[in-house]
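J.: Residue numbering for the sequence shown follows the working numbering, beginning at 650 and increasing consecutively.
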Amino acid sequence: MQFASRISRLEDKSMLDAFEIMETEDMISFSAGTPAPDTYPIDHIAEAFDRVLKQEGRQALSYCPTSGYKKLREIIAGRMAEKFKTTYTSDEIIITGGSQQGLDMSGMLFVNKGDVVLFETPSYLGAVNALRAHEAELVAIPTDREGIETEPLKHALDRYGERVKMVYVIPDFQNPTGRSWSDARRRHFMELMSHYDVPVIEDAAYSELSFDKELRKPLAWYDKKGQVIYIGTFSKTFCPGLRVAWLCARKEIMEKYLVLKNASDLSSPSISQRQMAYYLEHYSLDDHISEICAVYKRRCDVMIAALREHFPTQVTYEAPRGGLFIWATLPEGKDARELLLRAAEHKVAFMPGSSFYPSAAKNNEFRLNFSNVSEENVKKGIAILGGVINTYLQES
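1) Apply the 10 Å Cβ neighbour rule to I1038 and answer buried if 16 or more other Cβ atoms are within range, or exposed otherwise.
2) Candidates F887, E769, A789, V847: which alpha carbon is nearest H937's?
3) Whole angstroms is fine: what's the gap from T1040's alpha carbon to K1028's?
4) Tell me the residue span of the beta strand (DSSP E) that contains D793.
5) Return the chain-ordered list of same chain residues with a C-beta closer than 7 Å to the C-beta of D984, the five sequence neighbours on each side being excluded.
6) Could you name the residues that DSSP lists as bridge partners for M815?
7) Which same chain residues end up closer than 6 Å to G1030 when comparing Cβ atoms and leaving out the 5 residues on each side of it in sequence?
8) According to DSSP, which residues form a beta bridge with V964?
9) For E800, count neighbouring Cβ atoms within 10 angstroms of its own Cβ and tell me buried if that reaches 16, exposed if not.
10) Would you call the CB atoms of L868 and R835 closer than 8 Å?
11) Rounded to a whole number of angstroms, what is the C-alpha to C-alpha distance between D950 and G1036?
12) Can you have a look at L988 and say buried or exposed, based on whether 16 or more other CB atoms are within 10 angstroms of its CB?
13) Among A785, P825, G775, P771, which one has its Cα closest to the Cα of K762?
14) Can you tell which of G810, A779, Q1043, R865 has its C-alpha closest to the C-alpha of Y817?
15) Quick one: what's M1000 bridged to in DSSP?
16) Threshold first: 4 residues or longer. Then list the alpha helix (DSSP H) segments lying entirely within the stretch 685-719, N to C.
17) What number of angstroms, rounded off, separates the C-alpha of L702 from the C-alpha of P690?
18) Less than 8 Å separating the beta-carbons of T770 and Y1006?
19) Where do the N-terminal and C-terminal ends of the alpha helix (DSSP H) with E1046 fall, by residue?
20) Determine which residues share a DSSP beta bridge with A926 and list them.
21) Quick one: measure Cβ to Cβ for L907 and S716, integer angstroms, because I've assumed they're closer than 8 Å.
22) Can you tell me the Cα-Cα spacing of F759 and I920, whole angstroms?
23) Can you tell me whether E1044 is buried or exposed, with buried defined as 16 or more other CB within 10 angstroms of its CB?
24) Provide the residue(s) that pair with T882 in DSSP beta bridges, ordered along the chain.
25) Between the Cα of S843 and those of M757, L956, V877, spot the shortest distance and give me the residue it belongs to.
26) For M671, which three-state DSSP category applies?
27) In the DSSP assignment, find the unbroken alpha helix (DSSP H) run with V951 in it and report its ends.
28) Note down the Cα distance separating E723 from T738, rounded to an integer number of angstroms.
29) Under the rule that 16 or more other beta-carbon atoms within 10 Å means buried, what is Y712, buried or exposed?
30) With 8 Å as the threshold, decide whether the Cβ of I920 is near any Cβ in chain B.
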């Protein structure tokens, strides 16, 4: 049996393994980038499903428009205008099956085999795999604590010219580093991009998970040309199981996304969209986000304290101001993949950093997730991992 050539580009199974590890008995897993199931508003979700089925069950169990349930799109447009001062209308929003579908469709829309996609590096593994599946050449652009570095970005845009079909970025509480771009870097980035006819894919999955409740304006707010394709999701702020996310783009671009989505799945599930709309109309998502951010901040603080107590000083890390992750760096010459093998023997897991590089991977970094681990297991797991690291570093 002969498979398509794209499948050979998806050999890194780190993301698959991260989800499998979650099911491993007795494993303390800092690997998967998931929200905490104990924060899901189960009672409110159950009521929403019950009301939707009783009041509009026939419609909820039928197909819905490819663009998505109109009421939900209107609510999202209004919420984005309130939170981020964007001006998207409901006709410039399409509901997707998770943000991953938005990434996949963006690859289908813009990328041919051999085209170039520019990534901040390190970057989200799911996006790396999505664009690899479309047989793009992935080019890494370095980052600093302010965000993507604009000089190397300009150099890549000029070097690859018309081959560049997309720039993918996560400006807020980035996966995997946890960093957020400064306002100045956002402005400078969009000013630079305005000189190029290249779409910017803004992944905003973590934008509202701020521990201090300070929300920065998205790149879409700075966009004067309609270049930004904004991808949002309820997976991190509500729950991932409903697979409700959205994509925003100007109308002439949205028309093409609609054709692709219709060919792909006809429409996202109607019942999930109507349930989400009911929740947003009858409950406060803002209050829920405040509650989960308080939980995540506590778990992050516990992890930072445990890292300070148990990790050797040769291992560096940064305390994030939001999101789900802490990014750590081993001394040069050490390999986080080897460390994972050793840690797994002690029932602790994390994500090696090499998986998050679209090209020229570094092997001495790793990502820790704190959101989906109890405070007790954070303390226990970091203590175990610290001991494994100390042994590993002392061997040479």
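C-beta: ideal position from N, C-alpha, C; glycine also.
T.: Per the coordinate set shown:
1) Buried: at least 16 other Cβ atoms inside 10 Å.
2) Looking at the Cα atoms, F887 is the closest of the given residues.
3) 19 Å
4) 786-793
5) The answer, listed in chain order, is N1012, N1013.
6) V766
7) I677, V997
8) For V964, which the question treats as bridged, DSSP gives no partner whatsoever.
9) exposed
10) Cβ atoms of L868 and R835: closer than 8 Å.
11) 20 Å
12) buried
13) Closest by alpha carbon: A785.
14) A779
15) R1016
16) Taken in chain order, the complete alpha helix (DSSP H) segments of 4 or more residues contained in the stretch 685-719 are 691-709.
17) 18 Å
18) yes
19) Residue 1046 lies beyond the residue range present for the chain, which begins at 650 and ends at 1045; the question has no answer from this structure.
20) DSSP output for A926 lists no bridge partner at all.
21) 6 Å
22) 30 Å
23) exposed
24) A894
25) Checked all of M757, L956, V877; the closest Cα to S843 is V877.
26) Legend: pLDDT at M671 = 47, less than 50; position of this residue unreliable, no value from coordinates given.
27) 934-959
28) 7 Å
29) exposed
30) Structure shown: chain B not included; a single protein chain is present.
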